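*Asks:* In the working numbering, the protein residues as written are 21 to 279. Cβ atoms here follow ideal geometry from the backbone N, Cα and C, with glycine treated the same way. Predicted, not measured: the structure shown is a model, and the values here were computed from it.
Structure, rendered in structure tokens:
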């Protein structure tokens with residue numbers, strides 16, 4: 021009977037894990053959607069001055085996350101306020117490591133004052149995409165995080181260069197995007213291309229459902245396998261609040277929850 025009980029406990033734990041979905045959003049970016057999105061999230065990544073944000077916006081987002089029990093992450097980027105961090109900058113590895121470290125520590129200082137922990141780090145925009153394919157960029161990010169002397173999780177694309185550089189050095193959470201189209205090699209479609217942005221609640225739900233239940237994503241070359249444990253919705257996308265509310269309802273119907 022003991023063995024049977026242990027087996028049942030294992031299956032119950034596995035079933036419980038499948039019912040809880042980690043949906044995250046990039047917040048503190050001046051979209052005006054933070055207050056509506058935050059109660060529906062499991063985790064959030066807060067802009068910390070590279071592409072957007074100052075002490076006031078960071079503190080507001082941290083307090084809002086604390087109110088709803090949402091896990092807090094730093095969202096560093098190339099230091100590029102003018103282009104919202106969506107253009108790749110020519111910058112030395114040392115300079116990039118320095119700015120990423122400083123951005124993270126700005127948010128850490130506020131988290132300490134508000135008595136909350138930094139849960140994760142997630143690069144933003146062009147930095148996220150370039151670190152997925154460029155070793156020095158990935159190294160700069162990993163070394164900046166290690167320099168903090170903390171051990172936050174790293175949100176990164178599975179099997180990317182950043183993922184492999186961080187392996188055995190940081191706890192990694194592989195990420196996929198609910199509201200972005202994918203190329204056949206599992207990169208995000210450039211925003212200038214058709215199908216790069218998913219603004220329909222139904223299409224966003226279909227993509228998330230594929231991630232969760234089939235571990236696949238639709239591309240122009242058919243369905244491709246994908247591994248992810250956290251799923252991102254951009255707060256600045258059209259219909260972001262509507263999309264997340266729709267997804268939350270559909271997850272409930274599937275006996276799942278966000279958390």
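(1) Report the rounded CA-to-CA distance for residue 119 versus residue 274, giving the unit in angstroms.
(2) Between residue 45 and the rest of its own chain, which residues show a CB-CB distance below 6 angstroms, the 5 nearest in sequence each way excluded?
(3) According to DSSP, simplified to helix, strand and coil, what is residue 98?
(4) How is the beta strand (DSSP E) around residue 242 delimited, first residue to last?
(5) Just the Cα atoms here: how many angstroms apart are residue 227 and residue 172?
(6) For residue 59 and residue 90, I'd like the C-alpha separation in whole angstroms.
(7) Whether or not the stretch 175-182 and the stretch 191-204 are in contact is what I'm after, with contact meaning three or more pairs of Cβ atoms, one per stretch, closer than 8 angstroms; do they touch?
(8) Under DSSP, the beta strand (DSSP E) around residue 175 begins and ends at which residues?
(9) Would you kindly work out how many angstroms separate the C-alpha atoms of residue 235 and residue 262, rounded to a whole number?
(10) Identify, in the order they occur along the chain, each residue of the same chain with its Cβ nearer than 6 angstroms to the Cβ of residue 73, setting aside the five sequence neighbours on each side.
(11) Can you tell me which of 113, 39, 134, 122 puts its alpha carbon nearest to the alpha carbon of residue 85?
(12) Within 8 angstroms, do at least three Cβ pairs link the stretch 157-167 to the stretch 201-220?
(13) Could you check the C-alpha separation between residue 271 and residue 111 for me, to the nearest Å?
(14) For residue 185, count the other beta carbons within 10 Å of its own beta carbon; 16 or more makes it buried, fewer makes it exposed. Which is it?
(15) Does DSSP put residue 231 in a helix, a strand or coil?
(16) In angstroms with no decimal places, state the Cα-to-Cα distance between residue 92 and residue 137.
*Replies:* Let me spell this out:
(1) Note on geometry: alpha-carbon atoms of residue 119 and residue 274 lie some 42 angstroms from one another.
(2) 57, 61, 64, 253, 255
(3) coil
(4) 242-245
(5) 28 angstroms
(6) 8 angstroms
(7) yes
(8) 173-176
(9) 24 angstroms
(10) The beta carbon of residue 73 sits closer than 6 angstroms to the beta carbons of 48, 67 from its chain, once the five residues preceding and following it are set aside; these are given in chain order.
(11) 134
(12) no
(13) Residue 111 has its alpha-carbon roughly 42 angstroms from the corresponding atom of residue 271.
(14) With 16 or more other Cβ atoms within 10 Å, it is buried.
(15) helix
(16) 7 angstroms
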